[in-house]
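Numbering (the working numbering), first residue to last: 2 to 272.
Down below is the structure, laid out as structure tokens.
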Amino acid sequence: MTNTLSTISLPSLLETFNDVFSSYDVPIFMDLNQLVSHTESIGYRKEDSMGLFDQGRLVGFLLVGRRGTLAYDGATGIITSYQGKGLAHLLIDKTLEHLKNKGAKTFILEVIDTNTRAKELYRKHGFSDKRSLLCYRIDTQKLLHKEQRSVTLVDQTSITLHEGDCVASWQNNNESVVQGKFRVMDVIAHDTIRGQICFNQTKGSIAQIYINEHDRGHKYAQNAIIELSKYATTPSLSMLNVDKAYFPMQALLENSGFSLFLTQTEMEKQL
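Quick look at the structure:
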């Protein structure tokens with residue numbers, strides 16, 4: 002049967018979450034702190050999220066983030082032994098019906114491009130492709146071995162965020178930065194603020210890099226990434242869901258030594 006996740010605690014969800022994603026195209030394992038960070042940053046609403054239950058046991062879920070009339074699929078999965086029984090269709094149908102009844106107008110998600118079955122599943126439910134997203138990663142040690150002296154990073158005491166040319170995905174946008182309590186640091190060179198970098202330290206993921214237009218072309222962003230590695234607590238640093246249409250960000254990451262490890266498609270459905 003399906004029901005909302007209103008009564009499911011995050012520790013209970015964590016067990017099913019890791020069971021589901023252990024066999025995923027790109028395996029994922031989270032500890033409780035990481036799951037808390039993820040759910041906080043996406044605006045998780047358990048009363049809008051849907052679960053699949055078998056005799057009270059959670060065997061599948063669709064985690065929903067809400068911001069006004071916008072809804073976001075923060076993670077969807079079904080335990081392997083329950084797959085292939087049409088339950089994914091049921092889970093999506095029930096979630097869409099619930100969200101529409103609760104005033105949501107648009108539902109957004111990302112799907113890994115190699116997961117063609119999932120992409121076709123969403124298309125059957127009326128989702129359409131919106132844009133292509135690129136995911137980059139680098140070993141933290143590779144950055145730590147580089148030297149730069151042109152910039153320093155200073156934590157902002159009062160968060161000030163900019164809207165850059167590269168439109169951030171749901172997980173990386175300004176709302177997620179604030180809700181997820183990401184680390185926001187000013188990029189300073191020659192005693193002047195040149196931009197900012199937003200960092201999900203728990204996840205080891207750069208959410209945003211912004212350099213003032215008149216300060217670009219001086220490698221401030223590239224050096225800020227090198228400096229950021231000193232604050233990393235994870236073996237690798239990533240920047241996820243970079244808009245494929247925005248070439249300057251791709252060039253920055255590739256010139257900084259990052260490798261493309263995953264591509265996704267952002268999909269959307271009007272409810």
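Backbone N, C-alpha and C define an ideal beta-carbon position, used for all residues, glycine too.
{"Asked": "Determine the closest residue to Thr-5 out of Ser-38, Glu-41, Phe-54, with distance taken between C-alpha atoms.", "Found": "Phe-54"}
{"Asked": "Could you tell me which of Gln-271, Thr-266, Leu-162 sits nearest to Lys-131, measuring between CA atoms?", "Found": "Thr-266"}
{"Asked": "Would the segment 131–145 and the segment 174–192 be scored as touching if the rule is three or more Cβ pairs under 8 Å?", "Found": "no"}
{"Asked": "To the nearest angstrom, how far is it from the Cα of His-163 to the Cα of Leu-272?", "Found": "30 Å"}
{"Asked": "Three or more C-beta pairs under 8 Å: does that hold for the segment 107–120 against the segment 145–159?", "Found": "no"}
{"Asked": "Tell me the rounded alpha-carbon separation between Arg-68 and Glu-255.", "Found": "33 Å"}
{"Asked": "Going by DSSP, which residues form a beta bridge with Asn-224?", "Found": "None; Asn-224 has no bridge partner."}
{"Asked": "Taking the alpha-carbon positions, what's the Cys-167 to Gln-56 distance?", "Found": "46 Å"}
{"Asked": "Counting pairs of Cβ atoms below 8 Å between the segment 234–252 and the segment 63–78, do you hit three or more?", "Found": "no"}
{"Asked": "Going by beta-carbon coordinates alone, are Tyr-211 and Ala-190 separated by less than 8 Å?", "Found": "no"}
{"Asked": "Please report the distance separating the alpha-carbon of Leu-229 from that of Met-186.", "Found": "9 Å"}
{"Asked": "Would His-99 and Met-51 be called neighbours here (beta carbons separated by less than 8 Å)?", "Found": "yes"}
{"Asked": "What is the residue span of the beta strand (DSSP E) that Asp-140 lies within?", "Found": "129–140"}
{"Asked": "If I'm right that Met-268 touches Phe-128 with Cβ under 8 Å, what's the distance once you round it to whole angstroms?", "Found": "4 Å"}
{"Asked": "On the DSSP bridge list, what partners appear for Glu-269?", "Found": "Ile-109, Ser-129"}
{"Asked": "In angstroms, rounded to a whole number, what distance separates the CA positions of Phe-22 and Thr-193?", "Found": "44 Å"}
{"Asked": "Whole angstroms is fine: what's the gap from Ile-226's alpha carbon to Val-243's?", "Found": "16 Å"}
{"Asked": "Quick check on this structure: which residue in Ser-24, Lys-95, Leu-36 has the alpha carbon closest to the alpha carbon of Ile-80?", "Found": "Ser-24"}
{"Asked": "Using DSSP's beta-bridge definition, name the partner residues of Asn-4.", "Found": "Gly-52"}
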